[in-house]
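Peer 1:
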Amino acid sequence: MIKTDLSDVYRHYIACLNKQDWPKLGQFVHDEVIHNGRRLGLSGYLEMLEGDFAEIPDLHFNVQMLISDPPYIASRLTFDCTPKEMFLGLPVNGRRVSFAENIIYMFRDKKIVQAWSVIDKAAIEAQL
-9 MIKTDLSDVY RHYIACLNKQ DWPKLGQFVH DEVIHNGRRL GLSGYLEMLE GDFAEIPDLH
51 FNVQMLISDP PYIASRLTFD CTPKEMFLGL PVNGRRVSFA ENIIYMFRDK KIVQAWSVID
111 KAAIEAQL
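Here you go:
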């Protein structure tokens, strides 16, 4: 797979998340996906995302940086949102916070098979 193809697939995946177009999620996420070392499978991955949107109704994924080195994508995502209550163990309680997530994905057949993610919790703590 060439870099531009994988970058395009990734941007379509992000659009799918932002639209919460869950029926299309399987086009981008492998049935046996692993997230931060835990095998979630597609259903567990969907459950994780639905939980994120339930906790943060105005959640929107913004691609700030994208590096493609097939079969890997590295991305820095930024967020400016208002989690309803506790978020990452922090009492955000409806306050607007801005933070970033650094994530590396491994793709197979144009689908995410593994993801490693770190959220900048210190940035949220500094705002509270």
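So in the numbering used here, spot 83 of the sequence shown is number 73, and the numbers just go up one at a time.
For every residue, glycine included, the Cβ atom is placed at its ideal position computed from N, Cα and C.
Everything numeric in this text was worked out from a predicted model, so none of it was measured.
Which word fits P47, buried or exposed, when buried means at least 16 other C-beta atoms lie within 10 angstroms of its C-beta?
Peer 2: Taking the sequence shown and counting its residues from 1, the one referred to as residue 47 is at position 57. Classification of P47: exposed, given that the 10 Å Cβ count is below 16.
Peer 1: So which of A113, K101, Q117 and D110 has the shortest CA-CA distance to G175?
Peer 2: Given a span of -9 to 118 for the chain in the structure shown, any question on residue 175 remains unanswerable.
Peer 1: Take the Cβ of H50 as the centre, count every other Cβ of all protein chains shown within 10 Å, and call the residue buried at 16 or more, exposed below.
Peer 2: The residue labelled residue 50 in the question sits at position 60 within the sequence shown. So H50 ends up on the exposed side.
Peer 1: Between which residues of its own chain and K14 is the CB-CB distance below 6 Å, once the five residues before and five after are set aside?
Peer 2: The residue you call residue 14 lines up with position 24 of the sequence shown. Within the same chain, K14 has close Cβ partners C6.
Peer 1: Can you tell me which residues form a DSSP beta bridge with I94?
Peer 2: Here residue 94 is taken as the residue at index 104 of the sequence shown, counted from 1. According to DSSP, I94 bridges with A64 and W106.
Peer 1: I need the DSSP call for R29, collapsed to helix, strand or coil.
Peer 2: Mapped onto the sequence shown, residue 29 falls at position 39. Three-state DSSP puts R29 in a strand.
Peer 1: Roughly how many angstroms separate the alpha carbons of V53 and S65, rounded to a whole number?
Peer 2: As a first step, residue 53 is located in the sequence shown; it is residue number 63 there, counting from the start. As a first step, residue 65 is located in the sequence shown; it is residue number 75 there, counting from the start. Cα-Cα distance, rounded: 7 Å.
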